[in-house]
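Below: one structure, written as structure tokens.
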Ligand code: NAD
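Numbering (my numbering), first residue to last: 31 to 354.
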């Protein structure tokens, strides 16, 4: 382990990516303050300090950003398609307040580097109408037409970060995640995303010996999925780089939701019957163009979908079993 005196704030440290990021930063010798509305739900935090704060509030943001050199801004009111397609006003309101106040507080407290976590949801709907989608390059963001309020807010907050860089000299980094998955994230309750939701449904099917698994829509919608360890490595590399434009971070292997079900069922060792039901599907197809990621970081995600799902499925099956 390399000891460093750098003091870092992770917002959203009680959430899925934030919790894993805190672990990785601690393993690399950083001093870490985590902030969130809640403690991590599935494992204890190893942060040096963990403060329960509501970052929609200006005074909380000033407190959170005091005495740190770097901020990883992950806090957001978010979830999978089911959540973001049904809570537009809440998401736009809460996330705007969080990002406007956290960034300004970072400037006032003279933070040196600020990494903002954006999303592939900023990309325009008109470029994602086909399951065999052309992978999205960073410049495809404009002309803008994100599908949901969640994506519009992310796009505006990206611009805010860029203007803080141009106008105030704050060193900003902007990452656009493409479907991050892994253990220790929401797997039920309404905020879970497709990989976790499908792992849960297949675990329930297996443990109750009922092969029927519900899939939203026809299941032919496509995405790429990136394992959490690659995500964390990517954002730490980006923070250390000198690149201040938005950058994709994801895998570039396109799979349909039906294929995702088949991969998870094979890992579970249980044959399932897909039952297609009405439900939000999001855009028809979305993939990451990683050309710039490779150029800038000299690296790209390494962990295969099967390897990542193996770990994720095992964890979720254990959670489901424990609840039965
Ligand atoms: P998550 O929901 O697990 O974590 C977000 C955390 O922010 C939660 O713990 C939540 O309690 C916290 N939070 C919400 N409102 C807050 C507030 N007012 N004050 C303080 N904390 C607050 O989500 P995640 O998957 O870990 O996502 C982290 C970041 O990455 C988010 O900004 C998200 O939009 C972005 N992102 C994630 C993905 C993905 O696939 N997981 C994809 C694109 C972008």
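Ideal Cβ placement from N, Cα and C applies to all residues, glycine included.
Everything numeric in this text was worked out from a predicted model, so none of it was measured.
- Query: CB of residue 137 to nearest heavy atom of the ligand NAD: below 7 Å?
  - Reply: In the chain shown, counting from the first residue as 1, residue 137 sits at position 107. Result no, Cβ not under 7 Å from the ligand NAD.
- Since residue 81 and residue 96 are thought to touch, with beta carbons under 8 Å apart, how far apart are those beta carbons, to the nearest angstrom? The residue you call residue 81 lines up with position 51 of the chain shown. The residue you call residue 96 lines up with position 66 of the chain shown. Residue 81 to residue 96, Cβ: 10 Å. No contact.
- Message: For residue 256, list the residues DSSP reports as bridge partners.
- Response: What you label residue 256 is simply residue 226 of the chain shown in a count that begins at 1. For residue 256, which the question treats as bridged, DSSP gives the partners 210.
- Should residue 306 be counted as a contact of the ligand NAD given a C-beta to heavy atom distance under 7 Å? Here residue 306 refers to the residue found at position 276 when the chain shown is read from its first residue. Not so, every heavy atom of the ligand NAD lies at least 7 Å from the Cβ.
- Task: Flag this pair as touching only if the region 232 to 240 and the region 174 to 185 have three or more C-beta atom pairs under 8 Å; answer yes or no.
- Result: no
- Within 7 Å: the Cβ of residue 107 and any heavy atom of the ligand NAD? Here residue 107 refers to the residue found at position 77 of the chain shown. Because some heavy atom of the ligand NAD lies under 7 Å away, the Cβ of residue 107 counts as near it: yes.
- Excluding the 5 residues preceding and the 5 following residue 147 in the sequence, name in chain order all residues of the same chain whose CB lies nearer than 7 Å to its CB. On the chain shown, position 117 is the one that residue 147 refers to. Taken in chain order, the residues that qualify are 103, 104, 205 and 207.
- Query: Can you tell which of 221, 92 and 66 has the C-alpha that lies nearest to the C-alpha of residue 141?
  - Reply: As a working mapping, residue 141 is identified with position 111 in the chain shown. Nearest of 221, 92 and 66 to residue 141, Cα basis: 92.
- Task: List the endpoints of the continuous beta strand (DSSP E) containing residue 244.
- Result: Along the chain shown, one-based indexing puts residue 244 at 214. Its beta strand (DSSP E) spans residues 242 to 246.
- Message: Please tell me whether residue 189 and residue 109 are closer than 8 Å, where the distance is taken between their beta carbons.
- Response: As a first step, residue 189 is located in the chain shown; it is residue number 159 there, counting from the start. As a first step, residue 109 is located in the chain shown; it is residue number 79 there, counting from the start. No. Outside cutoff.
- Residues that residue 217 bridges to, as DSSP identifies them: Within the chain shown, residue 217 is the residue found at index 187, counting from 1. Residue 217 pairs with nothing; no bridge assigned.
- Message: Please classify residue 193 as buried or exposed, where buried requires at least 16 other C-beta atoms within 10 Å of its C-beta.
- Response: By one-based count along the chain shown, residue 193 stands at place 163. Classification for residue 193: exposed.
- Task: Leaving aside the five residues before and after residue 285 along the sequence, list all residues of the same chain whose C-beta is less than 8 Å from its C-beta, in chain order.
- Result: Counting from 1 along the chain shown, the entry for residue 285 is found at position 255. Counting only Cβ-Cβ distances below 8 Å, and skipping sequence neighbours, we find 252, 253, 254, 255, 293 and 335.
- Query: Which residue spans inside the region 118 to 191 form an unbroken alpha helix (DSSP H) run of at least 4?
  - Reply: 118 to 138
- For the alpha helix (DSSP H) that residue 55 lies in, which residues bound it at each end? In the chain shown, residue 55 corresponds to position 25, counting from 1. From DSSP, the alpha helix (DSSP H) with residue 55 extends over 46 to 57.
- Task: Could you check how far apart the C-beta atoms of residue 121 and residue 114 are, in whole angstroms? I think they sit under 8 Å.
- Result: For the purposes of this step, residue 121 is identified with residue 91 of the chain shown, where counting begins at 1. For the purposes of this step, residue 114 is identified with residue 84 of the chain shown, where counting begins at 1. Yes, they are in contact, since the Cβ atoms of residue 121 and residue 114 sit about 6 Å apart, within 8 Å.
- Is there at least one non-hydrogen atom of the ligand NAD closer than 7 Å to the beta-carbon of residue 124? Residue 124 sits at position 94 when you count from the first residue of the chain shown. True, at least one ligand heavy atom lies under 7 Å from that Cβ.
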